[in-house]
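Asker:
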Amino acid sequence: MNWKSTNRSRLLLGLLALPGLAQAQVSGNQVTGNARRYRYQQEEQTDNRRPTVLPDRLFLTDSTFVLGANVMQHVRADSYVAVFGLRQEAATVSAAEKRLTARVQRFTGRLRQLGVEGKDVYTDIVTQQRIKDLRPVKERDNNAYINFQAEEYVRGFESTRNIVVSFRRINLLNDMLVAAAADSVFDLVKVDYIVNKPEEVYDNLFKAAAEVIKRKKDKYLLLTAARLRPSAQPYAEQFTSYVPGGQYENYEAVIATPFNYDYRQGYNYKGLRALTTYYYSPPSADGFDRVINPVVVEPAVTYTLAIQVKYTLRK
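With mature numbering (1 follows the signal peptide of the UniProt record, and there is no 0) applied, the sequence shown corresponds to residues -24 to -1, 1 to 291, in that order.
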């Protein structure tokens, strides 16, 4: 890839601009959707799993060369946002709303008992929709699938809510799951990991990148005895964050016994359920000059900074 053509036009903006509040989605039932998207759209998901590395260009021209630094940092979240999904069916809209409102009140009451303040809980009205079903329009014949006619009708209504909870201690999530299950709330939609000050992460990575580039430059000058012009130019920069929600992978650990099926014998069998295990796999550090906080024991927001500097040789 020609990093010169893709990055030069946005160089000055890239040097000055910082990303806003970083949100990283991790845990919850969303990881199953991420896994399916990765299986069927692997190429589109590549950037989420393989951070970009900008290479050195030691022979840019006969009088210039480019040195780069690729640095990475894993950052623990400052706070978290969990989303719980609730559904309620009933024969009428008013009945569904009444039952769902009561469940929401009981659940939020349990959250207050856990120390979650009311200002940190928000109820989001998501959908209210009809539940359709089929009913026969005439009696079935002896063969149920001959001349069978049916029509759709509204069997009831379903209301849904999302309860959005902000909290600071990740250990509180287990208690919230127990509180949710007490009222048949089993859908933990997602958990967002929030980093309050990504600009401080940028400053830290920029300092590390500057040290890497200086060390490379000193070594190359020592090796070649070349002399440089006093001024250098920023050549390219890319500051990126990788959210944990896109970093989950999965596998199925099962050994199947071969089963030969002969349709003429009419064999039927029921197989064991294949259990899928999901695990957090942070972005690869291959090709990076330095990794800050390299040991990751919990899902974290991963930031990368790639910088290139162009030097001109003295003739």
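Even glycine gets a Cβ: it sits at the ideal position worked out from N, Cα and C.
(1) Short check: CB of residue 40 to CB of residue 227, under 8 Å?
(2) Look at the alpha carbon of residue 171 and the alpha carbon of residue 103, and state the distance between them as a whole number of angstroms.
(3) Output the boundary residues of the beta strand (DSSP E) element that contains residue 217.
(4) Take residue 250 and list the residues in its own chain whose beta-carbon comes closer than 6 Å to its own, dropping the five residues that flank it on each side.
(5) Could you tell me if residue 135 is buried or exposed, where buried requires 16 or more neighbouring beta carbons within 10 angstroms of its beta carbon?
(6) Considering only the beta carbon of each residue, do residue 202 and residue 289 sit closer than 8 Å?
(7) Does DSSP put residue 163 in a helix, in a strand, or in coil?
(8) If you measure between the beta carbons of residue 280 and residue 48, is that distance less than 8 Å?
(9) Using 10 angstroms around the beta-carbon of residue 299, count the other beta-carbons present and answer buried if the total reaches 16, otherwise exposed.
(10) In angstroms with no decimal places, state the Cα-to-Cα distance between residue 197 and residue 267.
(11) Excluding the 5 residues preceding and the 5 following residue 192 in the sequence, name in chain order all residues of the same chain whose CB lies nearer than 6 Å to its CB.
(12) Taking only three categories from DSSP, how would you classify residue 132?
(13) Please report how far the alpha carbon of residue 282 lies from the alpha carbon of residue 200, in whole angstroms.
(14) Compare the Cα-Cα distances from residue 223 to each of 140, 182, 257, 209 and report the closest residue.
(15) On the CB-based measure, 16 or more other CB atoms within 10 Å of its CB, does residue 95 come out buried or exposed?
(16) Tell me which residue opens and which closes the beta strand (DSSP E) that residue 58 is part of.
(17) Are the region 131 to 149 and the region 87 to 101 touching, with three or more C-beta to C-beta distances below 8 Å?
(18) CB-CB under 6 Å to residue 1, same chain, minus the five flanking residues each way: which ones, in chain order?
(19) If residue 159 and residue 52 are in contact, beta carbons under 8 Å, what's the gap, nearest whole angstrom?
(20) Quick check: residue 259 and residue 31, are their CB atoms within less than 8 Å of each other?
(21) Can you tell me whether residue 15 is helix, strand or coil according to DSSP?
(22) Since residue 107 and residue 75 are thought to touch, with beta carbons under 8 Å apart, how far apart are those beta carbons, to the nearest angstrom?
(23) Spatial neighbours of residue 57 within its chain, please: CB distance less than 6 Å, with the 5 preceding and 5 following residues excluded, ordered by chain position.
(24) Could you check if residue 278 is buried or exposed, using at least 16 other CB atoms within 10 Å of its CB as the buried criterion?
(25) Can you check which of these residues, 176, 261, 59, 128, is closest to residue 292 by C-alpha distance?
(26) Applying the criterion that 16 or more other CB atoms from any shown protein chain within 10 Å of the CB defines a buried residue, is residue 155 buried or exposed?
(27) Name the one or two DSSP bridge partners that residue 44 has.
(28) Closest Cβ-Cβ distance between residue 68 and chain D: below 8 Å?
Answerer: According to the structure shown:
(1) Position 64 of the sequence shown, counted from the first residue, corresponds to residue 40. Position 251 of the sequence shown, counted from the first residue, corresponds to residue 227. Contact flag unset, no.
(2) Looking up residue 171 in the sequence shown gives position 195. Looking up residue 103 in the sequence shown gives position 127. Each residue's Cα considered, the two are about 30 Å apart.
(3) The residue labelled residue 217 in the question sits at position 241 within the sequence shown. Where residue 217 is concerned, the enclosing beta strand (DSSP E) stretches over 209 to 218.
(4) Here the question's residue 250 lines up with position 274 in the sequence shown. Around residue 250: 228, 230.
(5) Numbered from 1 along the sequence shown, position 159 holds the residue referred to as residue 135. Residue 135 comes out buried.
(6) Locating residue 202 in the sequence shown gives position 226, where the first residue counts as 1. Locating residue 289 in the sequence shown gives position 313, where the first residue counts as 1. Cβ atoms of residue 202 and residue 289: closer than 8 Å.
(7) Working through the sequence shown from its first residue, we reach residue 163 at position 187. Note: residue 163 maps to strand in three-state DSSP.
(8) As a first step, residue 280 must be located in the sequence shown, where it is residue number 304. As a first step, residue 48 must be located in the sequence shown, where it is residue number 72. Closer than 8 Å, so yes.
(9) In this structure the chain extends from -24 to 291, so residue 299 is not present and cannot be described.
(10) Residue 197 sits at position 221 when you count from the first residue of the sequence shown. Residue 267 sits at position 291 when you count from the first residue of the sequence shown. Using only the alpha carbons, I get a separation of about 25 Å.
(11) Numbered from 1 along the sequence shown, position 216 holds the residue referred to as residue 192. Within the same chain, residue 192 has close Cβ partners 43.
(12) Mapped onto the sequence shown, residue 132 falls at position 156. DSSP places residue 132 in strand when its eight states are reduced to three.
(13) As a first step, residue 282 is located in the sequence shown; it is residue number 306 there, counting from the start. As a first step, residue 200 is located in the sequence shown; it is residue number 224 there, counting from the start. Taking the straight line joining both Cα atoms gives about 25 Å.
(14) Counting from one through the sequence shown, the residue named residue 223 turns up at place 247. Checking every option, the nearest Cα to that of residue 223 belongs to 257.
(15) The residue labelled residue 95 in the question sits at position 119 within the sequence shown. With fewer than 16 Cβ atoms within 10 Å of its Cβ, residue 95 is classed as exposed.
(16) Here residue 58 corresponds to residue number 82 of the sequence shown, with the count starting at 1. Segment 55 to 66, the beta strand (DSSP E) holding residue 58.
(17) yes
(18) Taking the first residue of the sequence shown as 1, we reach residue 1 at position 25. Any reading at residue 1 must be qualified, since the residue scores a pLDDT of 37, below 50, and its modelled position is unreliable; the value itself is stated next. The residues are 166, 168, 219, 221.
(19) If you number the sequence shown from 1, residue 159 lands on position 183. If you number the sequence shown from 1, residue 52 lands on position 76. About 31 Å; that fails the 8 Å criterion.
(20) By one-based count along the sequence shown, residue 259 stands at place 283. By one-based count along the sequence shown, residue 31 stands at place 55. No, they are not a contact pair.
(21) Indexing the sequence shown from 1 puts residue 15 at position 39. Only weak support exists for where residue 15 lies, its pLDDT of 44 falling under 50; the value from the coordinates is given anyway. Three-state result, residue 15: helix.
(22) Here residue 107 is taken as the residue at index 131 of the sequence shown, counted from 1. Here residue 75 is taken as the residue at index 99 of the sequence shown, counted from 1. Not confirmed; about 14 Å, so no contact.
(23) For the purposes of this step, residue 57 is taken as the residue at position 81 of the sequence shown. So the qualifying residues of the chain are 142, 168.
(24) To locate residue 278, count along the sequence shown from 1; it is residue 302. It is buried - the Cβ of residue 278 has at least 16 other Cβ atoms within 10 Å.
(25) With the chain covering only -24 through 291, there is no way to say anything about residue 292.
(26) Counting from one through the sequence shown, the residue named residue 155 turns up at place 179. Residue 155 comes out buried.
(27) Sequence index remark: in the sequence shown, residue 44 carries index 68 (1-based). For residue 44, which the question treats as bridged, DSSP gives the partners 284.
(28) Annotation note: the requested chain D is absent from the structure, which comprises a single protein chain.
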